[in-house]
Amino acid sequence: MEPKIVEKGRIILVGFSFYGDPFAESGGWTEENEVGRLWRRFMAYWAENGDRVKHLGDGDLAYEVHIGGYEETASMGHYEVFVGREVTEIEDVPVHLLVKALPPTRYAVFTLQGEQITSDWPRMIYDEWLPGSGNESAHDYLIELYDQRFKGLENLAESELDIYVPIR
Amino acid sequence: MSQIASICRALDFVEANLREEIAVADMADAAGYSLYHFCRMFNGLVHHTPYDYLMRRRLSESARELVETDKRVIDIAFDYRFNSPETYSRAFKRMFGTQPSQWKEHGRLDRRFLMSQLTREHLEHINEGDGLWPVLEERSAFRVVGVMTLVENGGEVIARLWDVLAQELKDVEDAECYGITWYPTGWEESGVFYMAGIEVEATDSASPALVVKSIPPLKCARFIHRGSRGDLQLTLDYVYQTWLPKSGERLSYPLEIVSYGTDMSAAWRNAELEVYIPIA
């Protein structure tokens, strides 16, 4: 699986965040874990408050960002998971939303198809692709970028998902 | 390699390193997964987070050492890689409800609540069906007649009890068969009381060879055990070591009621049993 390499400026997101073991309550791909819960909060908030955040920008891509590299990441499996939308400004961000700024960087972009989406692709990227690529990891996070090509877990076979891995 | 086989390698790694400085990331390496994927898979199959399982295994082995050896609490705490005796005490109390020092002085090793070393058999059993998702229900009072004895090492004595019961109740048909276990204080040394019996309405015609037990109304968690009677321990390990701490429920009596269906001759071999655990 060969990635595209793209250069991106600062990405500013607004959304919701969780820190801890995202799978403490339930593993697998059910919605009953913290990642599922974040998405439900995010969808419900946008359905309810879409008008109040319109002025921030109209990006329709949804970002799920996994941030590791904390002291408890290796020892306990704790991550920050951030689910949000890209915005062009942060004037008057409603108090319920957090702002996350991702630094300007180069990304390796992998497009996952069907079953690959639920496979152990982080291992494939970080342990198999990265060491032989002449690049190294630039930051302790990666992005899952959801657009209209993702048709839901129930339609995995027809779905695609882009993974952005910061490299240098 | 199957997911269960991969996770088993992480479980083996934990056993080999209970007293070593290991991280969840090392468990993921042993399984051959990325850390993020490993955490997702582990809890999906084991029903504990990797870190929780590691801590419970360490605390359970340390609890055994507290009772079985003369080692000091502080040495055991450091042996099992706790940063300080205080951290150890807090974690110990969270799992066992008592301080390590009290446990050492008065402790009894109630094996039911120590986290077992999980095996491939456990994982296959946990992931076989939905029988281990309990239904909470109120059971009304009922009476059982049968035979009862103190059982130290399970198996053979219990099989013999069912034979005796079948002889005494040759003419009875369609009665619900129950195996009832009571864990008296100190059961690890003394054994448990086990009763093989059938449910009855009236007890006045019961043979003098039999005993009668009245079970009061109980709030119970009902589990379905699938598999042989010999594998019942896999279900019980799950109930006491995984479900109980996760659910936040508390036991009301040290009692297990296993319903074997109505065919006494087949009861022993029935492949689907109902297990009732009384909760407060």
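For the protein sequence lines, the chains are A and B, in the order given.
Those letters in the first sequence? Residues 6 to 173, by my numbering.
Those letters in the second sequence? Residues 1044 to 1323, by my numbering.
All C-beta atoms, glycine included, are put in the ideal place defined by N, C-alpha and C.
The structure presented is a predicted model; accordingly, all values stated were derived computationally and were not measured.
Per DSSP, Trp-51(A) lies in no beta strand (DSSP E); the unbroken alpha helix (DSSP H) holding it starts and ends at 39-54. Shown here, Phe-155(A) sits in coil according to DSSP, grouped into three states, outside any helix or strand. In this structure Val-170(A) does not touch Ile-122(A) by the C-beta definition: roughly 15 Å separates them, more than the 8 Å allowed. Each residue's CA atom was taken as its position, placing Ala-106(A) and Ile-16(A) some 6 Å apart. Taking 3 residues as the shortest admissible run, the region 1267-1312 of chain B contains the following complete beta strand (DSSP E) segments, listed from N- to C-terminal end: 1298-1302.
By the CB criterion at 7 Å, Pro-127(A) and Ser-1077(B) fall inside the cutoff.
Contact annotation for Gly-1087(B) against chain A: Gly-32 and Gly-33 [CB-CB distance below 7 Å, chain order]. Cβ contact annotation for Glu-1219(B) (same chain, cutoff 7 Å, sequence separation greater than five): Ile-1241, Glu-1242, Ser-1302 and Thr-1305, in chain order. Taking a cut-off of 8 Å for Cβ pairs, the region 1149-1162 of chain B and the region 1091-1111 of chain B touch, as three or more such pairs fall below it. Using a CB distance cut-off of 7 Å, Ser-80(A) counts as an interface residue toward chain B.
Looking from the CA of Val-1318(B), the closest CA among Glu-1211(B), Val-1282(B), Glu-1058(B) and Asp-1122(B) belongs to Val-1282(B). When only Cα atoms are considered, Glu-1111(B) and Ala-67(A) end up about 56 Å apart. Among the residues facing chain A, Ser-1049(B) is not included, as its CB has no counterpart in that chain under 7 Å away. Classified as exposed, Trp-1176(B) has fewer than 16 neighbouring CB atoms from the shown chains inside 10 Å of its CB.
Distance check between Thr-93(A) and each of Asp-56(A), Leu-103(A), Ala-79(A) and Asp-63(A) places Asp-63(A) closest, using alpha-carbon atoms only.
Boundaries of the beta strand (DSSP E) around Lys-13(A): 9-13.
Contact of Arg-128(A) with chain B by beta-carbon distance below 7 Å involves Tyr-1076, Ser-1077 and His-1080. Listed in chain order, the positions of the region 1057-1068 of chain B with a beta carbon within less than 8 Å of a beta carbon of chain A are Ala-1066, Val-1067 and Ala-1068. Beta-bridge pairing by DSSP links Thr-110(A) to Lys-13(A).
Taking 7 Å as the cut-off, the Cβ atoms of Trp-44(A) and Val-11(A) do not count as close. The C-beta of Gly-73(A) has 16 or more other C-beta atoms within 10 Å across all chains shown, which makes the residue buried. Secondary structure in the region 1172-1206 of chain B: the beta strand (DSSP E) runs of 3 residues or longer, each lying completely within the stretch, are 1178-1182 and 1185-1194 in chain order. By the criterion of at least three beta-carbon pairs nearer than 8 Å, the region 136-154 of chain A is not in contact with the region 1085-1098 of chain B. Non-local beta-carbon contacts of Glu-1148(B) in its own chain, meaning distances under 6 Å to residues more than five positions away in sequence, are absent.
Residues of the region 1272-1293 of chain B with a C-beta atom less than 7 Å from some C-beta of chain A do not occur. With respect to chain A, the C-beta atom of Arg-1083(B) has a partner C-beta closer than 7 Å. By the criterion of a C-beta distance shorter than 6 Å, Cys-1051(B) is surrounded in its chain by Arg-1163, once the five residues flanking it on both sides are discounted.
In the DSSP assignment, Asp-1122(B) falls within the unbroken alpha helix (DSSP H) covering 1116-1122. In the three-state reduction of the DSSP assignment, Asp-167(A) falls in the strand class. The distance from the Cβ of Val-1188(B) to that of Ala-1249(B) is about 5 Å, consistent with a contact at the 8 Å cut-off. For Pro-1093(B), the residues of chain A that pass the 7 Å Cβ criterion are Gly-82, in the order they occur in the chain. Rounded to whole angstroms, the Cβ separation of Arg-90(A) and Leu-18(A) is 6 Å, and the two are in contact under 8 Å. Per DSSP, the continuous alpha helix (DSSP H) segment holding Val-1067(B) begins and ends at 1067-1074. Secondary structure of Tyr-1226(B) (DSSP, three-state): coil. Against chain B, the CB of Asp-26(A) has a partner CB under 7 Å away; the residue lies at that interface. By the criterion of a C-beta distance shorter than 8 Å, Pro-99(A) is surrounded in its chain by Asn-54, Arg-57 and Val-58, once the five residues flanking it on both sides are discounted.
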